[in-house]
Structures are given as C-alpha cells and as structure tokens.
Amino acid sequence: MSDMKQPEQSRRDFLSLGAKAAAGLTLAPGVVLYTVAQAKPDDQAVSNINRWGMLIDTTKCANGCDACVTACEKENGWGNSGSEKHSSVSQKPQWIRKVELRHKETGEQHSLPMMCQHCETPPCVDVCPTGASMKRADGIVLVDRHICIGCRYCMMACPYKARSFQHEALTDQSPNAPRGKGCVESCTLCVHKVDAGDGTTACAQACAAEGHNAIIFGDLKDPNSEISKVVAKYATKQIRADLGLNPGVRYQGI
Amino acid sequence: MKRLIKLLHVLPALLVLTLSAPASAGDSGPVIPKAVKGDQCVEPTDVMRRNHMDFLKHQRDDTMHKGIRTKKYSLKQCLECHVPPQDEAKAAEGEHFCKSCHIYAGVRIDCFQCHNTRPEKTAKFHPLVTPAMQATKGLHSPETAALLNKMAATKNTTGAAQ
C-alpha cells in the first residue's frame, strides 16, 4: 500500500472532516461543547438547532450593481441560458432580483436584492396541495420538484413574489440545482453549499468579492455568528413584518 | 448421474433461448457503456439492476427533506462513476449509462428532465472503489489500483468535488 498514491482528497472533504472533529468537543466526561459546528455530517438530518438567514445592509448595497443576481444565475443555472426561447422576460425564472426604492418625500434612495425570504411560517407551504412546497427543519424553504405538480398556488400566495415557474424544457442544468419544465422554483438559500458546510451563499460571496459586503449569511440561532451579533446590535427590519411570517431574511437601513 | 442432473439444469435455459431466438433476431440488447471509474458498484450488479430505483428514491426524499447527503446512493454519484464529465462528453455522445438502458427497456426516465446528465469535472473517485477501500475489503487488485492512481494523477484537479 505504501507505494500507492491516494487520490487527492478534496478541499471540501477536508473541511468537513475538520468540522466533524470540531462539532462535538468533549470538555469533560458528559460535557460536550457544541459551538463550532458548521458542517453537519453527511448522514445526519438537518435540525432546528440552526435557523439559516441573511441580513442585507441596504446602505452598503450599491445602486446598479447586480453581482448577487449574476452569481446566483451562475451557481444555480437559471437566467441567461439559451434554452428558454419562447418565454418573455416576465415569464423567465428569477430567483433573485434587484429592487430600487425611492422615498417620495425625502428622495432617499435604496437598492436591495429581493428573493425568497425563507419565512418561519411560509404561506407557500400552507397552500401547497401536494406538500412539494416545504420548509426544512433549519428554516430553508424549498420546492420538492419531485412532487411539484406546477399548480402555482405558491406563487400566488407568496407576498414577496419570490417564486417563478419554469415553462420550457431544459438541458444541461447546474448539478447543484436540478430544475425542469412544469415546476415552480425559487431561491434555495444555496442549500447545497449550506449542507456542504461552506457557510455562505453565492450572492453573499459575490457581494463580498465586489467589496460591498452588504449580505451577511449565517445562523440566526447561533449567538456567536456574525449575523446574530449584528441583528442584536442594530435595528433591522423584515419586509412586510405586518404579515407575521417571520422571514429569515432581514434588511438594515430601510 | 451428476452429468445428467447438470444437463437437466441447462435444458430449460437452452429451450428458452431457442424459443426466444426468432423474436429477438437482430437485437443485441442495450449498449451499456463501461463505468468510467472503478470496477465495482455500491451493491452487487444484480441488486443494482433490480433495485437501483428504490435506492435512488429513498435517497431523494432523505436529501430533499432532511438534508442527508450521503454519497452511496446519490444520483450524482451514479454519474460520477458511470458517465464521463461534461467536457469529455463529446466522444461518448449518445452513449449514456442510464439512458441507453432505459431507452432499450422503454422506461420513461424522469431524472434527467431536471438533473444534469453528466457529472462535474472532478478527480475524485467513488469512496467505495478507491484503492484504499478495496484493500480494506480484500478486493485489492494491483492492476486496478495502478490504473485508478494513474487516472488520479492525470485528471484535472481544479474542479469542485461534488
């Protein structure tokens, strides 16, 4: 065996090994410290120990910049794919979009990304007749496209206009985000990255790469996470908080 | 006597073959491409042939709803070993491990309406068929190990793992 070279272990495997080692740190017999846990072991189900969310600082979000949108398109394979030939712009899926706001009286302007808000009590899940629209234990709202019948009730129920319907047959989808004709789709909070323990999303990464750092992704239930610290310190808002949906995506500066 | 029993065992098979011969004239069965990596699947071949859809469906629900992403029965992992990556696809176009058999058997495959038909480019091998794993299972064959290692050394290592 000694003369044989092992295939290279990937960075992700290495990281997940590290995280597994760090996940349960035994301080004394019976006393286990669970703080560093980011990546869960592959065979472990997600749990409500975590609540994944995002905080968007609209004062840092640049007008006219759409790096988050482009990054999401690339990561999840929607957007400028040539395979949707018959759909108009308004019909094409849009997982995340930039919204420009202007206060009528003061003229104050804001720019912010809008996507699935990953509600604690999602109306899309309430109305789904098949159970395809669902919320994971860790707060990520997804469409199980294996059982989605494409009725689009969820699209009507969503107050954030976050969901899209795929009208056309697709080929060469992103391996991260299987998607196809006749199903509803929306932001997955980069669930494949979350499960892999990356601890970030494509949009947050792109925003940081642009130098804006307007998007913080993290665990709202972990008091030591960056997002929890900022949320505890500054006033943040949920959009349409009056609906009582408790979205996991919060905004600052609006 | 032993010979006679053996003959009796073979006889029905021969009979079936002779009877079905005219029906399947010119039909050589599906063209199933050989696995790209490794030489052993996660389960014995006959089990996989009969039950792969059950394994996949069970895994599908676990992954979707519980975030369980074990690799053993994952569809991505099927492609990882059985189908050449995106940029090596040109040579083998039209020969897809899953599709060629499904088309032959008249199975309407739903997986690939949404899932990509090819894996990402990666230098990783299935955890169950790496040389280390084979050695621990006593299935180690030097030729295979040498081949796998040669592939590991030459393959592009920049691609994301899974």
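Chains as they are written, first to last, in my numbering: chain E, 446 to 699; chain W, -12 to 149. The beta-carbon is built from N, C-alpha and C at its ideal position, and this holds for glycine as well.
Problem - CB-CB length for E:R496 against E:G693, believed under 8 angstroms - result: 6 angstroms
Handout entry: Any chain W beta carbon closer than 9 angstroms to E:L587
Key = yes
Exercise for the section: Determine the burial state of E:A654: buried for a count of at least 16 other Cβ atoms within 10 Å of its Cβ, exposed for fewer. Expected result: exposed
Exercise for the section: Flag this pair as yes or no: are the beta carbons of E:R590 and E:A602 separated by less than 9 angstroms? Expected result: no
Practice task
Give the secondary structure of E:D502 by DSSP, where H, G and I count as helix, E and B as strand, and everything else as coil.
Solution key: strand
Problem - Within 8 angstroms of chain W by C-beta, residues of the region 485 to 515 of chain E in sequence order - result: K485, D487, D488, Q489, A490 and V491
Exercise for the section: Would you identify the three-state DSSP class for W:E67, choosing helix, strand or coil? Expected result: helix
Practice task
Please report the Cβ distance between E:C632 and E:Q611, rounded to the nearest whole angstrom; I am assuming they are in contact, meaning their Cβ atoms lie under 8 angstroms.
Solution key: With a Cβ gap of about 14 angstroms, E:C632 and E:Q611 do not count as contacting.
Handout entry: CB of E:L615 within 9 angstroms of CB of W:C98, strictly
Key = no
Handout entry: Among E:T504, E:L500 and E:E529, the one whose alpha carbon lies nearest that of E:M560
Key = E:L500
Practice task
For the alpha helix (DSSP H) holding E:E520, just list the boundary residues, first then last.
Solution key: A512 to N521
Practice task
Spell out whether any CB of chain E is found under 9 angstroms from the CB atom of W:S11.
Solution key: Legend: pLDDT at W:S11 = 49, less than 50; position of this residue unreliable, value from coordinates given subsequently. Not one chain E Cβ lies under 9 angstroms of W:S11.
Handout entry: Start-to-end residues for the beta strand (DSSP E) that takes in W:I55
Key = W:I55 -> no beta strand (DSSP E), and no H or E assigned at all.
Problem - Cβ shell of E:V544 (< 8 angstroms), same chain only, five flanking positions each side left out - result: S556, L557, P558 and M559
Exercise for the section: For the region 42 to 64 of chain W, enumerate the residues whose C-beta is nearer than 9 angstroms to any C-beta of chain E, in chain order. Expected result: K44, R47, D48, D49, T50, M51, H52, K53, G54, I55, R56, T57, K58, L62 and K63
Problem - Beta-carbon gap between E:C564 and E:L690 smaller than 9 angstroms - result: yes
Problem - For W:R47, the three-state DSSP class (helix, strand or coil) - result: helix
Handout entry: Simplified DSSP state of E:Q562, which is helix, strand or coil
Key = coil
Problem - Near the ligand HEM: E:A507 beta-carbon under 8 angstroms from a heavy atom - result: With respect to small molecules bound, the structure shown includes none, and the ligand HEM cannot be examined in it.
Practice task
Could you tell me whether the Cβ of W:Q27 comes closer than 9 angstroms to any Cβ of chain E?
Solution key: no
Handout entry: Buried versus exposed call for E:I660 [16 or more other C-beta atoms within 10 Å across all chains shown]
Key = buried
Practice task
Go ahead and pull the three-state DSSP assignment for E:I672.
Solution key: helix
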